[in-house]
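Remember, this note's numbering sits 177 above the position in the sequence shown when you count from 1.
Right, one structure below, let's go through it.
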Amino acid sequence: MGNKKTAHHHGDLRATLVKAGVELIRELGPDALSIRKVAAKAGVSHAAPAHHFPTLAHLRTAIVAYGHEQFAQHMRDEMDAEPDKDPRAILLAAGRGYMKFVIGNAALYQLMFGGSQKLYEDEVLQVSASKSRAVLEQITAPMVVGKAGSKGNQLLVWSIFHGFAGIVLNDNSAELDIESAPEYLESIFPDFPMNS
Numbered sequence: 178m179g180n181k182k183t184a185h186h187h188g189d190l191r192a193t194l195v196k197a198g199v200e201l202i203r204e205l206g207p208d209a210l211s212i213r214k215v216a217a218k219a220g221v222s223h224a225a226p227a228h229h230f231p232t233l234a235h236l237r238t239a240i241v242a243y244g245h246e247q248f249a250q251h252m253r254d255e256m257d258a259e260p261d262k263d264p265r266a267i268l269l270a271a272g273r274g275y276m277k278f279v280i281g282n283a284a285l286y287q288l289m290f291g292g293s294q295k296l297y298e299d300e301v302l303q304v305s306a307s308k309s310r311a312v313l314e315q316i317t318a319p320m321v322v323g324k325a326g327s328k329g330n331q332l333l334v335w336s337i338f339h340g341f342a343g344i345v346l347n348d349n350s351a352e353l354d355i356e357s358a359p360e361y362l363e364s365i366f367p368d369f370p371m372n373s
């Protein structure tokens, strides 16, 4: 155990703690997050995280930033793998990536978009979150702009993705099979007009 602690101190302790936090919330849910539990999971003393994360909000913010990196990457991977480069196909591919992230990382997603305290002014979080927003801007750019402009289109598409994800995560009626949610989202997604 002593070697493990030394390795963490000489390695990237911050990344180790973030990874431990992600694993902890995956196992126990976002409300279980604490600096002490994360330190124990990472195999370091409870005082070790203080340099990187003086408060739980700092740790939570770093985990959310990590989440946004993964979230954007899931969408990009699906977009890149989509053989049909038609704008609607790319938009739906991003939706698949969105839902695959939600299904595989439900607790992290809840932490990212839940009401728990985060430091929104944190530069790392802002950069990470901007990657998700960049995907949204890209997939809505071909849409015909209505009265609310391009921002309105972005809000509309995000509302559909986000709302559907919330229904899938919180539906206790078993009407929605969580594993088939990405495909189901595609089947119900409105046929918005696109610029030619």
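Backbone N, C-alpha and C define an ideal beta-carbon position, used for all residues, glycine too.
Residue from the options whose Cα sits closest to the Cα of residue i
i, options, result
"PRO264", "THR317, LYS196, LYS277, LEU210", "THR317"
"ASP208", "HIS245, GLN250, GLY292", "GLY292"
"ARG237", "ALA225, SER211, VAL334", "SER211"
"GLN315", "VAL334, ALA234, GLN247", "VAL334"
"HIS228", "ILE202, LEU194, LEU332, ILE267", "LEU194"
"ARG191", "ILE280, SER364, PRO226, LEU362", "PRO226"
Separation of residue j from residue i, as counted between CA atoms
i, j, result
"SER198", "VAL304", "Looking at the sequence itself, residue 198 is Gly, so the reference to Ser does not match. Cα to Cα, the separation comes out at about 20 Å."
"PHE290", "ASP261", "31 Å"
"ALA270", "GLY220", "39 Å"
"GLY329", "GLY323", "8 Å"
"HIS187", "GLU259", "Here the model assigns HIS187 a pLDDT of 46, short of 50, so the residue's position is not dependable, and the following value carries that caveat. Taking the straight line from one Cα to the other gives about 42 Å."
"SER307", "GLN287", "18 Å"
"ALA224", "PRO231", "10 Å"
"LEU152", "VAL345", "The question about residue 152 has no answer, for the chain in this structure spans 178 to 373."
"MET256", "ALA249", "11 Å"
"VAL241", "ASP189", "18 Å"
"ALA378", "TYR243", "Any answer about residue 378 is impossible in this case: the structure gives the chain only from 178 up to 373."
"PRO370", "PRO319", "9 Å"
Neighbour-count burial assignment, residue i, 16 or more Cβ in a 10 Å radius
i, result
"ARG213", "exposed"
"ASN282", "buried"
Next item on the list: Ignoring anything shorter than 4 residues or poking outside the region 329-366, list the alpha helix (DSSP H) runs there in chain order.
Entry: Segments of the alpha helix (DSSP H) lying fully in the region 329-366: 358-365.
Note to self: Under 8 Å: do the region 336-346 and the region 274-291 share three or more Cβ pairs, one atom per stretch?
What the structure shows: Yes: at least three Cβ pairs fall under 8 Å.
Checklist line | Every unbroken alpha helix (DSSP H) within the region 188-276, with a cutoff of 4 residues, ordered by chain | finding: DSSP runs (the alpha helix (DSSP H)) wholly in the region 188-276: 190-205, 212-219, 233-258.
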